[in-house]
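Enquirer: Sequence order for the protein chains is H and W. The number in our numbering is simply the position in the first sequence, starting from 1, with 4 added. The number in our numbering is simply the position in the second sequence, starting from 1, with 14 added.
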Amino acid sequence: MDIKSTPPPPPHQITNPSRRAFLAWAAASPSKPMLAFHFLRSLSRIQGVTPVRRRTRTIRRAAYSSMARAASPRRAWSRALLGQARARRSRTLTGRALLLRRRVTAAAPAPPSSPAARSARIIAAGGETSAAARPLPPRQVGDPPRADALRRLVPGGAGMEYCSLLEETADYLRSLRAQVQLMQGLVDLFSCQ
Amino acid sequence: MRHPSSPLEVPGAGGEIQALVPVASASGSAARSSSGGGRSGGSFTALLGLPTSQAMELLLPAAAPAFPADPDLVDRAARFSAFASPSPSSPSPTPPPPPSSSAAAAKRKADPANRVSKSKAAKKGKTAAASGEDKDGGGDGDDEKPAYVHVRARRGQATDSHSLAERARREKINARMELLKELVPGCSKVSGTVLVLDEIINHVQSLQRQVEYLSMRLAAVNPRVDFGGLDNFLTTEVTWPDMGINGARHLMQLQQHFWHGDLAHPLQPPSQWEKRADTHPPVFSNSSSSLFGYDLASSGAQPQTGKLKTEL
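1. Counting C-beta neighbours from all protein chains within 10 Å, is the total for T96/H 16 or more, i.e. buried, or is it exposed?
2. Hey, Q183/H and M71/H are a contact pair by Cβ (cut 8 Å); roughly how many whole angstroms apart?
3. Cβ of A144/W less than 8 Å from any chain H Cβ?
4. Could you tell me whether the Cβ atoms of L177/H and A40/H are closer together than 8 Å?
5. Strictly under 8 Å for the Cβ-Cβ distance: is L180/H near chain W by that measure?
6. Three or more C-beta pairs under 8 Å: does that hold for the segment 150-161 of chain H against the segment 82-92 of chain H?
7. Listed in chain order, which residues of the segment 184-197 of chain H have Cβ atoms closer than 7 Å to some Cβ of chain W?
8. My output table needs one value for C196/H: the three-state DSSP class, helix, strand or coil.
9. Please go through the segment 68-96 of chain H and give each complete alpha helix (DSSP H) segment of 4 or more residues, from N-terminal end onward.
10. Compute the distance between the beta-carbons of V53/H and L232/W, then report whether it is under 8 Å.
11. Could you have a look at G198/H and say whether DSSP puts it in helix, strand or coil?
12. Nearest-angstrom Cα distance between P149/H and V208/W?
13. Which first and last residues belong to the alpha helix (DSSP H) in which K186/W is found?
14. Under a Cβ-count criterion, where at least 16 other Cβ atoms within 10 Å of its own Cβ denotes burial, should D175/H be classed as buried or exposed?
15. Pick helix, strand or coil for S46/H, following the three-state DSSP scheme.
16. Any contact between the segment 186-195 of chain W and the segment 165-175 of chain H? By contact I mean 3 or more CB pairs, one from each, below 8 Å.
17. R59/H touches chain W at which residues, Cβ-Cβ below 8 Å?
18. Looking at the unbroken alpha helix (DSSP H) that takes in Q224/W, where does it start and where does it end?
19. With a cut-off of 8 Å, does the C-beta of L39/H fall near any C-beta of chain W?
20. Any idea what DSSP makes of G161/H, helix, strand or coil?
21. DSSP on R150/H, reduced to helix/strand/coil?
22. Contact criterion: CB-CB distance below 8 Å. Does V218/W meet it with respect to chain H?
23. Among the candidates L194/W, V225/W, A182/W, whose CA atom is the shortest distance from the CA of L211/W?
24. By the three-class DSSP mapping on this structure, what secondary structure does R169/W have?
25. Report yes or no: is there a C-beta of chain W within less than 8 Å of the C-beta of L103/H?
26. CB R61/H to CB I50/H, shorter than 8 Å?
27. Spatial neighbours of A164/H within its chain, please: C-beta separation below 8 Å, excluding the five flanking residues on both sides.
28. Name, going along the chain, the residues of the segment 177-195 of chain W whose beta-carbon falls closer than 8 Å to a beta-carbon of chain H.
29. By the criterion of Cβ-Cβ separation under 8 Å, what are the contact partners of A174/H in chain W?
30. CA-CA distance, A74/H and Q224/W?
31. Short of 9 Å Cβ to Cβ, which residues in the segment 145-161 of chain H face chain W?
32. Examine chain W for any beta-carbon lying closer than 8 Å to the beta-carbon of L85/H, and answer yes or no.
33. For A212/H versus S229/W, is the C-beta spacing smaller than 8 Å?
34. On a CA-only basis, which of K203/W, A172/W, S205/W, P199/W is nearest N216/W? Give me that one, please.
35. Would you mind giving the Cβ-Cβ distance between R65/H and E226/W, rounded to the nearest angstrom? I have them listed as a contact below 8 Å.
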């Protein structure tokens, strides 16, 4: 497993050479400082909170969330990733909010004005839009043979045309590569101390 | 080869010679089919659809390079075309006996040359007709859709709006594939769409596996390590791309804002997300305040988020 572009920061203490190397890496693509910021923040939080057993899964989800946050919200994949994170969180709702959500999704258009129901409706709307989008894939029958595999890989790829799927894949690839470089640099930094 | 020909053959021979020369292939085939019946010269010009003078003009230059440079042959050819002129009586008895044999000879000699020139002319005519149709179709197409995509129709390609849109879409897809090929290492030498797509899929899968592996390693990192310290180091040391000299000051502001939940800061990249909802550290608490703080639906402007949080 190799890293293609600028090398990760060398595994020393935080001294001048590693700082310069980090700056060189950060300046290589415009979103890398944002990525590092979000990811490190979440990492520091995870270290304090989560037990050791589920840490891998949590760190992975944090990686994808920080990737989505660092990307432009115009990108469909970043919206889809954050929607997934939100859905995952809302799956573990407290009891009352869960009941409210079920009631609201049963009677779809009625807007009760209570604040909890309103916020639950927003969450349900997020879930509903994803459900409504499923029966209408736009123009997907004439795709080249590997397009469905690509749709499964790229988040939010199911509801897209082939043309925009390629564009999203390119952006997703760039962001993934930046994330992998960041994580590799962190691992090198902290495993050799 | 010269052999005696009956006078009956003459009009047929003349018709044939004259039929070998016309420009349009369709009329040529029609001429050949009707040459047996075409006894009078008037039918010939009717065949060409041109007045007599223009017919003779066509015939003579067309005939002259095709024929060998034989002046009396050209004369006889001219007299044959004068066969079609409105004075059929005087040339018609005189040309038939002497030019009959020579007509046959001329026919023999000229046949391959004429066939060649005819095919050339026919091809030219066909492509002229086709490009004329192309231009006409392109003109009609342009007239029908009064704007948007100005795609030049290539030679021999259809120009209706469906195929134009298809071609534009294909070009867009090809451009994106080029971009992807640049991103994926080792993909530029692969040719063919399916293999490139395979490479792209493999690359994405390998990157995702790497994320999984590295997250496992990060989870195993010694918990003595202080990630928060590194966080501070980053925000104070990293220079944002647009800020320049004022970077440090803005960075301090930014840090304060992030930690205290205030969202008014000038930077462009964080503002797109931060303005929406993200005032808390990301992800993993089950408290409902952070839950609603992450409302990133496009209707979620900042005052609405603030209202949500206060109403909780």
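For glycine and all other residues, C-beta sits at the position ideal for the given N, C-alpha and C. Source: prediction; values computed, not measured.
Expert: Put simply:
1. exposed
2. 5 Å
3. With a pLDDT of only 41 at A144/W, under the threshold of 50, the placement of this residue in the model should not be trusted; the figure read from the coordinates follows. It does not: the Cβ of A144/W has no partner Cβ on chain H nearer than 8 Å.
4. no
5. yes
6. yes
7. V184, M187, Q188, L190, V191, F194, S195
8. coil
9. 80-95
10. no
11. Coverage of chain H is limited to positions 5 through 197, which leaves residue 198/H absent and any answer about it impossible.
12. 7 Å
13. 175-197
14. buried
15. helix
16. yes
17. A233
18. 207-233
19. no
20. coil
21. coil
22. yes
23. L194/W
24. coil
25. no
26. no
27. Correcting the residue identity first, residue 164/H is Met in this sequence and not Ala. These residues qualify, in order along the chain: A80, P142, R155, E172.
28. R183, K186, I187, R190, M191, L193, L194
29. R190, L193, L194, L197
30. 19 Å
31. P148, P149, R150, A151, A153, L154, L157, V158
32. no
33. Look at the range of chain H in this structure, 5 to 197, and you will see that residue 212/H is not part of it.
34. P199/W
35. Contact doesn't hold; Cβ gap of about 11 Å is too wide.
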